[in-house]
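Our numbering puts the first residue of the sequence shown at 5, with every later residue one more than the last. A virtual CB, placed ideally from N, CA and C, is assigned to each residue, including glycine. Just so we're clear, the structure is a prediction, and the values are computed from it rather than from any experiment. One structure below.
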Amino acid sequence: MKKFLAIAGSPRRGGNSEILLDEAIRAARDAGLEVDKLVVAELDISPCNSCGGCWETGECVIEDEMQGVYKKLLEADYVVVASPLYFLGISAQLKALIDRCQALWARRFILKKPLRDGHRQPRGLFISTAALGKAEDIVFAGSGQTVRALFSTIEIEYAGGLFFKGLEVRDAVKSHPEFLEETYRATRELIAGK
Ligand SMILES: Cc1cc2nc3c(=O)[nH]c(=O)nc-3n(C[C@H](O)[C@H](O)[C@H](O)COP(=O)(O)O)c2cc1C
């Protein structure tokens, strides 16, 4: 069974980006995929300290819950990452997870080791929410580029970003069924390979 990894980047449980991520999960379950959901803020993941250890081994020297996340990232067939917009970027918790993927960068580009066996090409989506309703879509440029950089580094095809504005309070997105519908549809398209 194909694996669908959902990564919730917000420290606010039940918030807008997590509600949308749960809609993506619903789409994945309806498509018959095996779903795994990570709530980054509930994992023990230290930031990268740039020790350079991964340049020698392709492994991160920090022993925390990121070790399990590497495995899940590399085994997934589909990855959906969700984050609130924080000062034009992603949440600090999610940024720590992404920075720790420097070990996979080193494995691939310094040590020239394959990240996966075979020719599997996972695909991924990024979902982000912001409070400002009238902001230009450019506010998501930085966070989108960060997630694209992650996907490109760990060889996940970036299938697109879903960016939703005007979502300030915790479950504001519940008043926007069209955002939920768009997320469900985009996830089914991701899985269908469109
Ligand atoms: C630390 C912090 C920084 C934020 N920065 C921005 C911002 O730069 N632009 C914006 O429109 N909203 C900003 N917001 C609002 C959140 O992006 C918005 O409420 C989002 O929908 C929260 O998603 P969540 O409910 O999944 O946590 C910020 C919120 C916090 C707590």
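Taking just the CA atoms, how far does residue j sit from residue i?
{"i": "ALA1", "j": "GLY164", "result": "Since the first and last residues shown for the chain are 5 and 198, residue 1 lies out of range."}
{"i": "ALA153", "j": "ALA10", "result": "18 Å"}
{"i": "ILE158", "j": "LYS99", "result": "15 Å"}
{"i": "PHE168", "j": "ASP40", "result": "24 Å"}
{"i": "ALA145", "j": "LEU92", "result": "8 Å"}
{"i": "ARG192", "j": "ALA31", "result": "6 Å"}
{"i": "ALA135", "j": "LEU89", "result": "8 Å"}
{"i": "LEU101", "j": "ILE29", "result": "20 Å"}
{"i": "GLY72", "j": "GLY57", "result": "18 Å"}
{"i": "GLY122", "j": "LEU25", "result": "29 Å"}
{"i": "LEU37", "j": "PRO181", "result": "24 Å"}
{"i": "GLU63", "j": "LYS117", "result": "11 Å"}
{"i": "LYS75", "j": "ARG124", "result": "15 Å"}
{"i": "LYS178", "j": "GLY18", "result": "11 Å"}
{"i": "ALA190", "j": "LEU42", "result": "20 Å"}
{"i": "THR61", "j": "LEU166", "result": "36 Å"}
Please return the same chain residues whose Cβ sits closer than 8 Å to the Cβ of residue i, not counting the five positions on each side in sequence.
{"i": "SER156", "result": "TYR162"}
{"i": "SER147", "result": "SER87, LEU89, LEU92, GLY93, ILE94, PHE130 and SER132"}
{"i": "ARG16", "result": "GLU22, PRO88 and ARG174"}
{"i": "ALA176", "result": "ASN20 and GLY170"}
{"i": "ALA139", "result": "LYS169"}
{"i": "ILE142", "result": "none"}
{"i": "MET5", "result": "GLY36, LEU37 and GLU38"}
Cutting at 6 Å between CB atoms, please list the residues of its own chain near residue i, excluding the five before and the five after it.
{"i": "LEU47", "result": "GLU69"}
{"i": "GLU27", "result": "LEU184, THR187 and TYR188"}
{"i": "VAL44", "result": "GLY13, GLN97, LEU98 and LEU101"}
{"i": "GLU67", "result": "none"}
{"i": "GLU172", "result": "ALA135"}
Report all residues from its chain with a CB closer than 7 Å to the CB of residue i; omit the five preceding and five following residues, and keep chain order.
{"i": "ASP127", "result": "In the sequence as presented, Asp is not what sits at residue 127; that position holds Arg. So the list reads TYR82, ILE160, GLU161, ALA163 and LEU194, once near-sequence residues are dropped."}
{"i": "ILE114", "result": "TRP59"}
{"i": "GLU79", "result": "LYS7"}
{"i": "GLU22", "result": "ALA12, SER14 and ALA86"}
{"i": "LEU119", "result": "LEU78, LEU108, ARG111, ARG112, ILE158 and GLU159"}
{"i": "ASP103", "result": "PRO51 and CYS52"}
task: Can you check the region 46-97 for any beta strand (DSSP E) of at least 3 residues that lies completely inside it and give the ranges in chain order?
output: 82-88
task: Would you be able to state if there are at least three C-beta pairs under 8 Å between the region 9-24 and the region 79-96?
output: yes
query: Is the region 106-114 in contact with the region 143-152, if contact means three or more CB pairs nearer than 8 Å?
result: no
task: Spell out a yes or no on whether the region 45-59 and the region 123-137 are touching, meaning 3 or more CB-CB pairs, one atom from each, closer than 8 Å.
output: no
message: In chain order, what are the residue ranges of uninterrupted beta strand (DSSP E) at least 3 long that sit wholly in the region 89-153?
response: 127-133
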